[in-house]
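Read through the structure below, which is laid out as structure tokens, and then see the notes.
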Amino acid sequence: MTPSPPKGMTPLARREARLAWGLLAPTLISVAAVVVLPLLAVFWISFKPIGLADLRPPQVLIRESLRDRDGALTVEYRLRNSSQDVEIRNVVLTDTLPEGVRVAGALPGPCHLNDAGLICSFDSVPGGFRDRLRFAVEADDPEHAEELVELSEPQIRGTAPNVLTNLTFTTENFRKVFDGGQFLNVLGVTLFYTIFGTVGALVVGLMAALLLNKSFKGQGILRGLYLFPYVAPIIAVAFSWLILFDPFSGSANALLIQMGVTEEAINFFGEKPLALIMVTVFEIWRYFPLSFLFILARMQSIDSEMYEAADMDGASPFQKFWYLSLPQLLGILSVLFLLRFIWTFNKFDDIFLLTGGNAGTRTLTVDVYEQAFAISNIGAGAAVAVVIFLCLLLFSVFFFRVMSREEGL
Amino acid sequence: MKLFYWGWLTGAILGALWMLTVATTIAVVMSFATGEAFRPQLWYCTLWGLVFGRPYDRPRSLLINVPLFAAVMGYFSNYQIGSLAFDADIFSPSAILSILTLSLAFLGGMRIIYGDLPSGPLTRHEFEDAVIRFLTGFGYIFFTAIVAIPFYVMVMTSLKNQQQLVANPLDFSLDLSQGWGLFRSYVELFRDFNFGTYLLNSLIISVLTVVITLAFSIPGAYAVARLRFKGQALFSRSILLIYMVPIIVLALPIYIAFSMTGLRNTFVGILLIYPVTTIPVALYMLQGYFRGLPYEVEEAGLMDGLSRLAVIWKITLPLALPALASVSLYVFMIAWNEFLLAFMLLDDPSKFTLTRGISSLNSSEIPRQHLMAGSVVATVPIMALFLGLERFMTKGLTAGSVKG
Numbered sequence: 001m002t003p004s005p006p007k008g009m010t011p012l013a014r015r016e017a018r019l020a021w022g023l024l025a026p027t028l029i030s031v032a033a034v035v036v037l038p039l040l041a042v043f044w045i046s047f048k049p050i051g052l053a054d055l056r057p058p059q060v061l062i063r064e065s066l067r068d069r070d071g072a073l074t075v076e077y078r079l080r081n082s083s084q085d086v087e088i089r090n091v092v093l094t095d096t097l098p099e100g101v102r103v104a105g106a107l108p109g110p111c112h113l114n115d116a117g118l119i120c121s122f123d124s125v126p127g128g129f130r131d132r133l134r135f136a137v138e139a140d141d142p143e144h145a146e147e148l149v150e151l152s153e154p155q156i157r158g159t160a161p162n163v164l165t166n167l168t169f170t171t172e173n174f175r176k177v178f179d180g181g182q183f184l185n186v187l188g189v190t191l192f193y194t195i196f197g198t199v200g201a202l203v204v205g206l207m208a209a210l211l212l213n214k215s216f217k218g219q220g221i222l223r224g225l226y227l228f229p230y231v232a233p234i235i236a237v238a239f240s241w242l243i244l245f246d247p248f249s250g251s252a253n254a255l256l257i258q259m260g261v262t263e264e265a266i267n268f269f270g271e272k273p274l275a276l277i278m279v280t281v282f283e284i285w286r287y288f289p290l291s292f293l294f295i296l297a298r299m300q301s302i303d304s305e306m307y308e309a310a311d312m313d314g315a316s317p318f319q320k321f322w323y324l325s326l327p328q329l330l331g332i333l334s335v336l337f338l339l340r341f342i343w344t345f346n347k348f349d350d351i352f353l354l355t356g357g358n359a360g361t362r363t364l365t366v367d368v369y370e371q372a373f374a375i376s377n378i379g380a381g382a383a384v385a386v387v388i389f390l391c392l393l394l395f396s397v398f399f400f401r402v403m404s405r406e407e408g409l
Numbered sequence: 001m002k003l004f005y006w007g008w009l010t011g012a013i014l015g016a017l018w019m020l021t022v023a024t025t026i027a028v029v030m031s032f033a034t035g036e037a038f039r040p041q042l043w044y045c046t047l048w049g050l051v052f053g054r055p056y057d058r059p060r061s062l063l064i065n066v067p068l069f070a071a072v073m074g075y076f077s078n079y080q081i082g083s084l085a086f087d088a089d090i091f092s093p094s095a096i097l098s099i100l101t102l103s104l105a106f107l108g109g110m111r112i113i114y115g116d117l118p119s120g121p122l123t124r125h126e127f128e129d130a131v132i133r134f135l136t137g138f139g140y141i142f143f144t145a146i147v148a149i150p151f152y153v154m155v156m157t158s159l160k161n162q163q164q165l166v167a168n169p170l171d172f173s174l175d176l177s178q179g180w181g182l183f184r185s186y187v188e189l190f191r192d193f194n195f196g197t198y199l200l201n202s203l204i205i206s207v208l209t210v211v212i213t214l215a216f217s218i219p220g221a222y223a224v225a226r227l228r229f230k231g232q233a234l235f236s237r238s239i240l241l242i243y244m245v246p247i248i249v250l251a252l253p254i255y256i257a258f259s260m261t262g263l264r265n266t267f268v269g270i271l272l273i274y275p276v277t278t279i280p281v282a283l284y285m286l287q288g289y290f291r292g293l294p295y296e297v298e299e300a301g302l303m304d305g306l307s308r309l310a311v312i313w314k315i316t317l318p319l320a321l322p323a324l325a326s327v328s329l330y331v332f333m334i335a336w337n338e339f340l341l342a343f344m345l346l347d348d349p350s351k352f353t354l355t356r357g358i359s360s361l362n363s364s365e366i367p368r369q370h371l372m373a374g375s376v377v378a379t380v381p382i383m384a385l386f387l388g389l390e391r392f393m394t395k396g397l398t399a400g401s402v403k404g
């Protein structure tokens, strides 16, 4: 018998794999629950005719009261369908009559008594339905009858069609999203914001990195300072910018007027082309630190011998930058470009806080919010979200091509 | 290009540009500091720069030059350069101060920019060196200004009151005689607007997010880094994909689900979501670090009879403490700064986090020094953490997405 390498997995390897999956399980489960499930839900909802109001399923609201008219006691149930147009089926009302209270007259049509108490059933309660059920009762102790009757809460059940889970689908949401010139407009704004925001942050970050790529006293302090915009809470810096550039009492306008740059105050975040430029500038300002940090880290790992050799050959500073540094940085720059591109594309908070999507700054992500919550059409919001997701899928295919080449992942 | 390789020409142009930079900077600084009107006179500045910017073969000491230059400039400028107040007089302290600073910054800066630049013909090397030194100086001023100004405005606005702000939006000088009265907005925030609760909520949520994230990502990262199993490569590659799903896309179904299950307005709901947004990146950062640790130590542990979990607990984690610190800081920062989910999922003021609390201050009825004071309250803790542990933080930020 000739010895041969073991086929398949050895028991040890199997145990290792099992342990690995065990260790990964919490992450996988939580990610599946919070990321994958909602993503699938978005697809589902985008084909649903659903508004913000449909989130609460329609139900029959009920109020019980006991009236005392000259010693004649009447129990009254007031019923109302919470929805104006959705029918609720198989509605059953149950209530117990307390001890010492008895039904005295005829019960209204849909009701009858049994051991447990009162049962009223309706086959169907149409939208906008309102009704009162009244019947006379007699009580041993009329003084406290009201308390007694109202002590037992009436129970009501019914089945209403749930827009979220039933099988009615519509493509209306997508039609609404793509119809009209608005979608192209939104797409254009998104692309402008994403491309210029990304490139701007990279270029500014590169400049900052060049500036700090030498050791001197205070380099650490400056580096820390230049990271501030990224580290501070978005809401704090966004509001600072709003107040700084306020058209009525902002310092920036006061400064510009005083320096004679402009005659009257500029409405930075309220005018059409300017607002988009301003939110892009804000994006650059807030995220240049990130690219600055990565580029600086890469720069400091470049071999200094190369520069010494270049010096010997008489290369000028610009030549050294162009022919030595830049090619070395190309890898990190392309990775950063793709990462930042995707993140800028996804960005919501910045524009939402600065302009709320007004004045020609509505990007796709802001559109999701506007459709779902401002116009209360959740289906349309989900449709936009699907569009975003498909774009991202496209980007990430591209991203992984480049990423694997640059990083050897 | 050859044309510019003359010391006097390069010097004059750089001089003019430097003069413009310095004059604008000082005008902005003085405006922000005093609230008076300072306006740089661009044409005069260009002229002064052109005339005095050229390099000298035998420069005199700054001690003599600066007052001389300031005097000449003050005399000729007819108070146009340093301070052009509508009626400010040249002998006001701020005008004298700004003229002197301007002279010092201009001459001193030029001295550095030129180095040993000759006034005659230049080599390409000398020319580019001078240009780069100018650009460096300009860069420091530019970057420091754009980063510092919004934060300066934030802090100063929070210390003022409504009338002062409307009367002169540029006036950020502080009336120190008020003493503690300066911090009126902060006192009101904590007394009338419940900011103490928000601060505590934010702290609890952020710390719990860090703990949960670590508890989930440490075993996961170890598995990806050390254990062999099918799909390992695919896994380590796709983990970052999750980071690319926009929160707003997830927020919509989460909002719906939470509305239906009553998880809105609860810490539990928030704590279900926050860690998941940070687990992928934490896992990615940690697995990179675990790979860099020597495997031999762990093998020795295994040989000596420790189980895998004991190895992780007793060997890997103590070795990875710096990485854990970085990851924790980074995750803390994300959770502390998170706005969108808090905004959508929290409506009950007793459950507000700081960011949600600040956004509730953004109404026309609440004066904006309160808004800015709230912003400062949210910014200061994260800045303090960041500055105190800058080394870990920078490492965390860089490891967050790219190796080496």
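Going line by line, the protein sequences match chains X and C. If you use UniProt numbering, the first sequence closes out at 409, no skipped numbers anywhere. If you use UniProt numbering, the second sequence closes out at 404, no skipped numbers anywhere. Every residue gets a Cβ at the ideal spot worked out from N, C-alpha and C, and that includes glycine.
What is the DSSP secondary structure of residue i, counted as helix, strand or coil?
i, result
"Gly-218/X", "coil"
"Ile-388/X", "helix"
"Asp-68/X", "strand"
"Gln-182/X", "helix"
"Gly-158/X", "strand"
"Asp-313/X", "coil"
"Val-86/X", "coil"
"Phe-135/X", "strand"
"Arg-264/C", "coil"
"Arg-368/C", "helix"
"Ile-81/C", "Unreliable positioning characterises Ile-81/C in this predicted model, as indicated by a pLDDT of 43, which lies under 50. The coordinate reading is nonetheless provided below. Reduced to three states, the DSSP call for Ile-81/C is coil."
"Pro-294/C", "coil"
"Thr-10/C", "helix"
Of all Cβ atoms in chain X, is any one closer than 7 angstroms to the Cβ of residue i?
i, result
"Asn-201/C", "no"
"Asn-265/C", "no"
"Leu-159/C", "no"
"Val-22/C", "no"
"Thr-10/C", "no"
"Glu-296/C", "no"
Of the choices the options, whose alpha-carbon is the least far from that of residue i?
i, options, result
"Met-156/C", "Ile-382/C, Arg-391/C, Met-383/C and His-370/C", "His-370/C"
"Gly-100/X", "Asp-140/X, Phe-43/X and Phe-352/X", "Asp-140/X"
"Leu-225/X", "Val-166/C, Tyr-152/C, Pro-169/C and Leu-102/C", "Tyr-152/C"
"Pro-126/X", "Gly-117/X, Arg-134/X, Leu-113/X and Ile-88/X", "Ile-88/X"
"Leu-20/C", "Ala-310/C, Leu-283/C, Tyr-243/C and Leu-47/C", "Leu-47/C"
"Gly-53/C", "Ser-217/C, Leu-200/C and Trp-8/C", "Trp-8/C"
"Arg-80/X", "Phe-248/X, Leu-393/X, Ile-195/X and Phe-129/X", "Phe-129/X"
"Arg-308/C", "Thr-25/C, Met-260/C, Trp-18/C and Tyr-222/C", "Tyr-222/C"
What residues in its chain sit with their C-beta under 6 angstroms from that of residue i, if we drop five residues either side in the sequence?
i, result
"Met-278/X", "Phe-268 and Phe-269"
"Thr-190/X", "Thr-363 and Leu-364"
"Gln-59/X", "Ser-82"
"Phe-32/C", "Phe-172"
Using a Cβ-Cβ distance under 7 angstroms, would residue i count as near chain C?
i, result
"Val-261/X", "no"
"Pro-317/X", "yes"
"Glu-172/X", "no"
"Gly-357/X", "no"
"Leu-184/X", "no"
"Phe-370/X", "The displayed chain sequence assigns Glu, not Phe, to residue 370/X. By this cut-off, Glu-370/X is not an interface position."
"Glu-308/X", "no"
"Gln-258/X", "yes"
Can you name, in chain order, every residue of its own chain whose Cβ lies under 7 angstroms from the Cβ of residue i, other than the five neighbours on each side?
i, result
"Thr-361/X", "Val-189, Ala-275, Leu-276, Val-279, Ile-351 and Thr-355"
Counting only the same chain and skipping the five closest in sequence on each side, list residues whose C-beta sits under 8 angstroms from that of residue i.
i, result
"Gly-35/C", "Asn-168, Leu-170, Asp-171, Phe-172 and Ser-173"
"Phe-392/C", "Pro-322, Ala-325, Ser-326 and Leu-329"
Selection of the stretch 19-35 of chain X by Cβ proximity to chain D, strictly under 9 angstroms: Included in the structure are the protein chains X and C, with no chain D among them.
Quick one: which residues of the stretch 107-138 of chain C get their C-beta closer than 7 angstroms to a C-beta of chain X? List them in chain order. Arg-124, His-125, Glu-128, Asp-129, Ile-132 and Thr-136
Please list the residues of the stretch 192-206 of chain X that have a C-beta atom closer than 7 angstroms to any C-beta atom in chain C, keeping them in chain order. none
Determine which residues of the stretch 375-395 of chain X have a Cβ less than 8 angstroms from any Cβ of chain C, and write them out in chain order. Ile-378, Gly-381, Ala-382, Ala-385, Ile-388, Phe-389, Leu-392 and Phe-395
Scan the stretch 209-224 of chain C for residues whose Cβ lies nearer than 7 angstroms to a Cβ of chain X and list them as they occur along the chain. Phe-216, Ser-217, Pro-219, Gly-220, Tyr-222 and Ala-223
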